[in-house]
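Structure, as structure tokens:
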Amino acid sequence: MKIAIFTEVYRPIVNGVVTSVETLAEQLRTLGHEVFTFAPHIPKGSESAGRVFRMPSLPLPARTEYRLTLPLVARRNKRRFLSQCDVIHSHSLFITGWMASYYARRRFRVPLVYTYHTLLEQYAHYSPLGQRFTAQLTRELTKTYASAADAVIVPTKTVAAELRRQGVSAPICVVPTGIDMDAFRHVERGTSLAVRAQFSIPADAPLLLLVSRLAIEKNVSLALDALQRLRQEHPTTHMLLVGSGPLAHSLK
1 MKIAIFTEVY RPIVNGVVTS VETLAEQLRT LGHEVFTFAP HIPKGSESAG
51 RVFRMPSLPL PARTEYRLTL PLVARRNKRR FLSQCDVIHS HSLFITGWMA
101 SYYARRRFRV PLVYTYHTLL EQYAHYSPLG QRFTAQLTRE LTKTYASAAD
151 AVIVPTKTVA AELRRQGVSA PICVVPTGID MDAFRHVERG TSLAVRAQFS
201 IPADAPLLLL VSRLAIEKNV SLALDALQRL RQEHPTTHML LVGSGPLAHS
251 LK
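Numbering (this note's numbering), first residue to last: 1 to 252.
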């Protein structure tokens, strides 16, 4: 099949959505499908070569690496690829998401798949419009957009249940984002021991690893509470927190 992926964020930004989009695209190609990604232009490292089509974008007023995508796709890209694709897969319910919906539902009449990566209302505290209003607006937008898709993909059963509670009527499939285990199979033991030594962790101590953006919505406190309970039975257990974010200073 020919598959078009629309995403609001992409390289050089590094986050969970970008990782998920890249993993999906590469695995689909491994299965023999032709996949192209439509993403906003980002000044540093956002080359449009190969299988990524960059769309015009503007910087946001806040100091952030994220961009405001302009809903413009070059005419040649519409003709060469979008008009021939079998499926359009959206990873956003904002500007690129509505572009995906337009091309799938109205322009080219092909199935629209939507991946809902996270419970967006949990990020409402970042909005200048107020947390309660933003959370309600996000729920309504999610219900409207997701219900118009031919299928919705979510990472967990909990998220699936929440979308049903919010009134999403489209078919929902639980498909967790996989991990490329090959990236971890060739780590030398000496490297592992060096990391333990750097943080004064005994070589034989149980070690847990949490890789995450360190922010309140990631629920890092739950992992720390679990560690505290675990250490009651296994007192030598350690945990490494790998990441950055607004909670990094307080966690240190």
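Each residue gets a CB set at the ideal place from its N, CA and C atoms; glycine is no exception.
Coil, strand or helix - residue i by DSSP
| i | result |
| --- | --- |
| residue 2 | strand |
| residue 67 | strand |
| residue 205 | coil |
| residue 74 | coil |
| residue 233 | helix |
| residue 238 | strand |
| residue 58 | strand |
| residue 225 | helix |
| residue 119 | coil |
| residue 10 | coil |
| residue 252 | coil |
| residue 218 | helix |
| residue 192 | helix |
| residue 82 | helix |
| residue 109 | coil |
Run of the alpha helix (DSSP H) containing residue i, from where it starts to where it stops
| i | result |
| --- | --- |
| residue 187 | From DSSP, residue 187 is part of no alpha helix (DSSP H); its letter is neither H nor E. |
| residue 90 | Not the alpha helix (DSSP H): residue 90 falls in the beta strand (DSSP E), residues 87-90. |
| residue 16 | 16-30 |
| residue 137 | 131-147 |
| residue 160 | 157-166 |
Enclosing beta strand (DSSP E) for residue i [first to last residue]
| i | result |
| --- | --- |
| residue 213 | Careful: residue 213 lies outside any beta strand (DSSP E) and carries neither H nor E. |
| residue 53 | 52-55 |
| residue 37 | 34-40 |
Identity of the residues DSSP links to residue i by a beta bridge
| i | result |
| --- | --- |
| residue 99 | In DSSP, residue 99 forms no bridge with anything. |
| residue 287 | With the chain running from 1 to 252 in the structure shown, residue 287 is simply not present. |
| residue 246 | None, per the DSSP bridge assignment. |
Through-space distance from residue j to residue i, alpha-carbon basis
| i | j | result |
| --- | --- | --- |
| residue 6 | residue 235 | 47 Å |
| residue 11 | residue 193 | 32 Å |
| residue 230 | residue 223 | 10 Å |
| residue 15 | residue 180 | 15 Å |
| residue 170 | residue 151 | 6 Å |
| residue 201 | residue 237 | 9 Å |
| residue 80 | residue 118 | 32 Å |
| residue 115 | residue 106 | 20 Å |
| residue 341 | residue 23 | It is not possible to answer for residue 341, since the shown part of the chain is limited to 1 through 252. |
| residue 59 | residue 96 | 16 Å |
| residue 226 | residue 251 | 15 Å |
| residue 203 | residue 195 | 10 Å |
| residue 219 | residue 76 | 44 Å |
| residue 65 | residue 18 | 13 Å |
| residue 108 | residue 99 | 12 Å |
| residue 92 | residue 8 | 6 Å |
| residue 102 | residue 26 | 25 Å |
| residue 28 | residue 34 | 8 Å |
| residue 166 | residue 140 | 8 Å |
Assumed close pair residue i, residue j - CB separation to whole angstroms, cut-off 8 Å
| i | j | result |
| --- | --- | --- |
| residue 87 | residue 3 | 5 Å |
| residue 149 | residue 113 | 6 Å |
| residue 55 | residue 40 | 6 Å |
| residue 85 | residue 110 | 6 Å |
| residue 210 | residue 241 | 5 Å |
| residue 124 | residue 144 | About 17 Å separates the two Cβ atoms, so there is no contact after all. |
| residue 20 | residue 177 | 4 Å |
| residue 215 | residue 245 | 4 Å |
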